[in-house]
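Student:
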DNA sequence: GTGAAAACAAGAGCAGTGCTCACAAAAATG
DNA sequence: CATTTTTGTGAGCACTGCTCTTGTTTTCAC
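Protein chains in written order, with the working numbering: chain B, 86 to 301; chain W, 86 to 301.
(1) Could you round the C-beta distance between residue 146 of chain W and residue 183 of chain W to whole angstroms and report it? I think they count as a contact, below 8 Å.
(2) Please go through the same chain and pick out, in chain order, the residues whose beta-carbon is closer than 7 Å to the beta-carbon of residue 217 of chain W, but skip the five residues on each side of it.
(3) Look at the alpha carbon of residue 268 of chain W and the alpha carbon of residue 265 of chain B, and state the distance between them as a whole number of angstroms.
(4) By how many angstroms is the C-alpha of residue 221 of chain W removed from the C-alpha of residue 214 of chain W?
(5) With a threshold of 8 Å, are at least 3 pairs of Cβ atoms found where one atom belongs to the segment 166-185 of chain W and the other to the segment 101-113 of chain W?
(6) Where DSSP assigns a beta bridge to residue 300 of chain W, which residues make up the other side?
(7) Measure the beta-carbon distance from residue 260 of chain B to residue 209 of chain B and round it to whole angstroms, keeping in mind my assumption that it falls under 8 Å.
(8) Between the Cα of residue 204 of chain W and the Cα atoms of B/301, B/229, B/274 and B/150, which residue gives the shortest distance?
(9) Smallest Cα separation from residue 255 of chain B: which of W/202, W/141 and W/290?
(10) Give me, in chain order, the residues of the same chain whose beta-carbon lies closer than 6 Å to that of residue 141 of chain B; leave out the 5 immediate sequence neighbours on both sides.
(11) Would you mind telling me which residues of chain W sit closer than 9 Å to residue 228 of chain B, beta carbon to beta carbon, in chain order?
(12) If you measure between the beta carbons of residue 293 of chain B and residue 227 of chain W, is that distance less than 8 Å?
(13) So for residue 295 of chain W, helix, strand or coil by DSSP?
(14) Can you tell me the Cβ-Cβ gap for residue 155 of chain W and residue 258 of chain B, rounded? I've got them flagged as a contact below 8 Å.
(15) Return the chain-ordered list of same chain residues with a C-beta closer than 7 Å to the C-beta of residue 163 of chain W, the five sequence neighbours on each side being excluded.
(16) According to the neighbour-count rule (16 or more other Cβ atoms, all chains shown, within 10 Å of its Cβ), is residue 170 of chain B buried or exposed?
(17) Listing by chain order, which chain W residues have their CB less than 7 Å from the CB of residue 233 of chain B?
(18) According to a CB-to-CB cut-off of less than 7 Å, which residues of the segment 152-176 of chain B neighbour chain W?
(19) Can you say whether residue 150 of chain W is buried or exposed, counting buried as having 16 or more other CB atoms within 10 angstroms of its CB?
(20) Using a Cβ cut-off of 8 Å (strictly closer), state whether residue 258 of chain W contacts chain B.
(21) What separation, rounded to the nearest whole angstrom, lies between the Cα atoms of residue 278 of chain B and residue 126 of chain W?
(22) Which residue spans inside the segment 114-167 of chain B form an unbroken beta strand (DSSP E) run of at least 3?
(23) Residue 230 of chain B and residue 285 of chain W - do their beta-carbons sit closer together than 8 Å?
(24) Can you pull the chain B residues whose beta carbon is under 7 Å from the beta carbon of residue 274 of chain W, in chain order?
(25) Tell me where the alpha helix (DSSP H) around residue 177 of chain B begins and ends.
(26) From residue 236 of chain W to residue 179 of chain W, what distance separates their C-alpha atoms?
(27) Where does residue 274 of chain W sit, in a helix, a strand or coil, going by DSSP?
(28) In three-state DSSP terms, what is residue 229 of chain B?
(29) Between which residues of its own chain and residue 234 of chain W is the CB-CB distance below 7 Å, once the five residues before and five after are set aside?
(30) Looking at chain B, which residues of the segment 101-130 of chain W have a Cβ within less than 8 Å of any of its Cβ atoms?
(31) Quick check on residue 208 of chain B: does DSSP put it in helix, strand or coil?
(32) Name the chain B residues whose beta carbon is nearer than 9 Å to that of residue 224 of chain W?
(33) Pull up the distance between the alpha-carbon of residue 137 of chain W and that of residue 240 of chain W, whole angstroms please.
(34) Counting contacts by CB-CB distance shorter than 8 Å, is residue 98 of chain W in contact with chain B?
This is the structure we're talking about:
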């Protein structure tokens, strides 16, 4: 059982999410293909296990990086961003599983993936909250539609965040900005060999982004 | 031949990139499966055709939106971002094909995809260039590593851009920021039903982002 | 210890996939 | 009209996810 996830992870790293084959995993496991269905009801179930697995590892990495960083909110933000990128570059297939195209026909069971799936944004929000409390988060007033205000109010309550609407939007910009930059690099969307020094680019991008969202 | 792409596009929209089946397309085409190999050497070849197709349509949409917007650089930027999102929301499968996880085993042939694939960033760079020339792009000096300076110099030359290093980095932040936000929405990565008004969120995000990268 | 119950594995089989290849019908060209 | 080129056929290979029936272990209560 644990072995299935272990070998599944290996195959995932080797062939990518969509090419992940239960039969191949069974072979590697030295067992006939149908035997795997004793432990896992379907390929999607296995994907869910691997998704949770990946979310957890990424969450661990980010939380550890934030904890290891200093008190400075901006430094913590940069550490979190760096941790995301480092993990993604080291585990492109698992990153793709979680942050790429949803696997065809696959519907993530919310009850099992939302918990681990929110660890990064929770960590980011905490950094923003601390910054706001320390007066190190400047808020640029944005033009926010009423429907959005309702959404943001719900989120503020759910996470118990002290951020105002504009700051919350800024946090989502930081969030999507990090993953946008990482995805571009990991998925090779900058174009072929456009950047020889992707990590240097990422550093500069995150510096710009952290300043942009008001972190100082 | 054109029919293959046409039906391929329909299937793509219906089932997503990874589940796209040549045999199913052949059936819809009223032809035996092996016949389509007369026109397309492999499934990957078909994917390439569809990728180019998607890039072109997105490029058209963005260029048209920018042209229809006023002279104001910021307005043009917002128009471009909105065009990306609108197309992505309308064509999630095709968006996924191009900006999601690379299809397993698929290697995009650079010579056929790089041209159409760069139209969005070219449009963005033009907006930034115009803004810079009009003095409407403030440059916040970033800490840029020497290796990155080399990359940026190459890019500046390739695109004939007048932007300085920090402004170029800001442009990549805008670029990846747009697609990061769009991907989060299209791929449902914000979490289940977190935002009831995604377009309002996007507007606010892009407003924040445009200000953040120095566009005024 | 023995017998029932639960857990595990095997193997055949179904429907689907990408792709190849020898062959036949149709269309264009001389 | 004859010949070449193009287009389509159908069988077949190796693979996939998944189901179902059968058999083998292991565990556990008595």
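Where is the CB? At the ideal position from N, CA and C, for every residue including glycine. Fair warning: this is a prediction, and the values are worked out from it, not measured in the lab.
Tutor: The answer reads as follows:
(1) Translated into positions along the second chain, residue 146 of chain W becomes position 61. Translated into positions along the second chain, residue 183 of chain W becomes position 98. For residue 146 of chain W against residue 183 of chain W, the beta-carbon gap comes to about 13 Å, at or over 8 Å, which does not count as contact.
(2) In the second chain, the residue the question calls residue 217 of chain W occupies position 132. Cβ neighbours of residue 217 of chain W within its own chain (closer than 7 Å, five residues either side excluded): 247, 248 and 252.
(3) On the second chain, residue 268 of chain W is found 183 positions in, with the first residue counted as 1. On the first chain, residue 265 of chain B is found 180 positions in, with the first residue counted as 1. Approximately 8 Å between the Cα atoms of the pair.
(4) Here residue 214 of chain W refers to the residue found at position 129 of the second chain. Here residue 221 of chain W refers to the residue found at position 136 of the second chain. The alpha-carbon atoms of residue 214 of chain W and residue 221 of chain W are separated by roughly 10 Å.
(5) With contact defined as three or more Cβ pairs closer than 8 Å, the segment 166-185 of chain W and the segment 101-113 of chain W are in contact.
(6) If you number the second chain from 1, residue 300 of chain W lands on position 215. DSSP output for residue 300 of chain W lists W/222 as bridge partner(s).
(7) Position 175 of the first chain, counted from the first residue, corresponds to residue 260 of chain B. Position 124 of the first chain, counted from the first residue, corresponds to residue 209 of chain B. About 6 Å separates the beta carbon of residue 260 of chain B from that of residue 209 of chain B, a gap short enough to meet the 8 Å contact definition.
(8) As a first step, residue 204 of chain W must be located in the second chain, where it is residue number 119. For residue 204 of chain W, the nearest C-alpha among the options comes from B/274.
(9) Stepping through the first chain from its first residue, residue 255 of chain B is reached at position 170. Just measuring C-alpha positions, the residue of W/202, W/141 and W/290 sitting nearest residue 255 of chain B is W/290.
(10) Mapped onto the first chain, residue 141 of chain B falls at position 56. Excluding five sequence positions before and after residue 141 of chain B, the CB atoms of its chain that fall closer than 6 Å to its own CB belong to 201, given in chain order.
(11) As a first step, residue 228 of chain B must be located in the first chain, where it is residue number 143. Residues of chain W passing the Cβ test: 288, 289 and 292.
(12) Within the first chain, numbered from 1, the residue matching residue 293 of chain B stands at position 208. Within the second chain, numbered from 1, the residue matching residue 227 of chain W stands at position 142. Taking the C-beta atoms as reference points, residue 227 of chain W is found nearer than 8 Å to residue 293 of chain B.
(13) As a first step, residue 295 of chain W is located in the second chain; it is residue number 210 there, counting from the start. Note: residue 295 of chain W maps to helix in three-state DSSP.
(14) As a working mapping, residue 155 of chain W is identified with position 70 in the second chain. As a working mapping, residue 258 of chain B is identified with position 173 in the first chain. Between residue 258 of chain B and residue 155 of chain W the Cβ distance is about 24 Å, and since that is not below 8 Å, they are no contact.
(15) Start at 1 with the first residue of the second chain, and residue 163 of chain W comes out as number 78. Counting only residues of its own chain and dropping the five nearest sequence neighbours on each side, residue 163 of chain W has a CB closer than 7 Å to the CB of 291 and 295.
(16) Taking the first residue of the first chain as 1, we reach residue 170 of chain B at position 85. Residue 170 of chain B is buried by the Cβ-count criterion.
(17) Counting from 1 along the first chain, the entry for residue 233 of chain B is found at position 148. 282, 285, 286 and 289, listed in chain order.
(18) Residues are counted here when their Cβ sits less than 7 Å from a Cβ of chain W; for the segment 152-176 of chain B the count is zero.
(19) Within the second chain, the letter at position 65 stands for residue 150 of chain W. Residue environment: residue 150 of chain W is assigned as buried (16 or more neighbouring CB atoms within 10 Å of its CB, all protein chains considered).
(20) The count along the second chain starts at 1 and reaches residue 258 of chain W at position 173. Yes - at least one Cβ of chain B is within 8 Å of the one on residue 258 of chain W.
(21) Your numbering for residue 278 of chain B matches position 193 in the first chain. Your numbering for residue 126 of chain W matches position 41 in the second chain. Between residue 278 of chain B and residue 126 of chain W, the C-alpha separation is close to 27 Å.
(22) For secondary structure counted as the beta strand (DSSP E) over 3 or more consecutive residues, the segment 114-167 of chain B holds no complete run.
(23) As a first step, residue 285 of chain W must be located in the second chain, where it is residue number 200. As a first step, residue 230 of chain B must be located in the first chain, where it is residue number 145. Going by C-beta atoms, residue 285 of chain W is nearer than 8 Å to residue 230 of chain B.
(24) Indexing the second chain from 1 puts residue 274 of chain W at position 189. Going along chain B in sequence order, the residues near residue 274 of chain W (Cβ under 7 Å) are 184.
(25) Locating residue 177 of chain B in the first chain gives position 92, counting from the first residue. First-last of the alpha helix (DSSP H) with residue 177 of chain B: 177-184.
(26) Along the second chain, one-based indexing puts residue 236 of chain W at 151. Along the second chain, one-based indexing puts residue 179 of chain W at 94. Linking residue 236 of chain W to residue 179 of chain W through their CA atoms gives a straight-line distance of about 30 Å.
(27) Position 189 of the second chain holds residue 274 of chain W. In this structure, residue 274 of chain W counts as coil in the three-state DSSP scheme.
(28) Along the first chain, read from residue 1 onward, the residue named residue 229 of chain B stands at position 144. If DSSP states are grouped into helix, strand and coil, residue 229 of chain B belongs with coil.
(29) The residue labelled residue 234 of chain W in the question sits at position 149 within the second chain. The beta carbon of residue 234 of chain W sits closer than 7 Å to the beta carbons of 250 from its chain, once the five residues preceding and following it are set aside; these are given in chain order.
(30) Contact residues of the segment 101-130 of chain W toward chain B are 101, 102, 103 and 104 (C-beta to C-beta distance below 8 Å).
(31) Numbered from 1 along the first chain, position 123 holds the residue referred to as residue 208 of chain B. Residue 208 of chain B: helix per DSSP, three-state reduction.
(32) Stepping through the second chain from its first residue, residue 224 of chain W is reached at position 139. None at all; the shortest Cβ gap to chain B is about 11 Å.
(33) Here residue 137 of chain W corresponds to residue number 52 of the second chain, with the count starting at 1. Here residue 240 of chain W corresponds to residue number 155 of the second chain, with the count starting at 1. Rounded to the nearest angstrom, the two C-alpha atoms are 23 Å apart.
(34) Working through the second chain from its first residue, we reach residue 98 of chain W at position 13. Not an interface residue.
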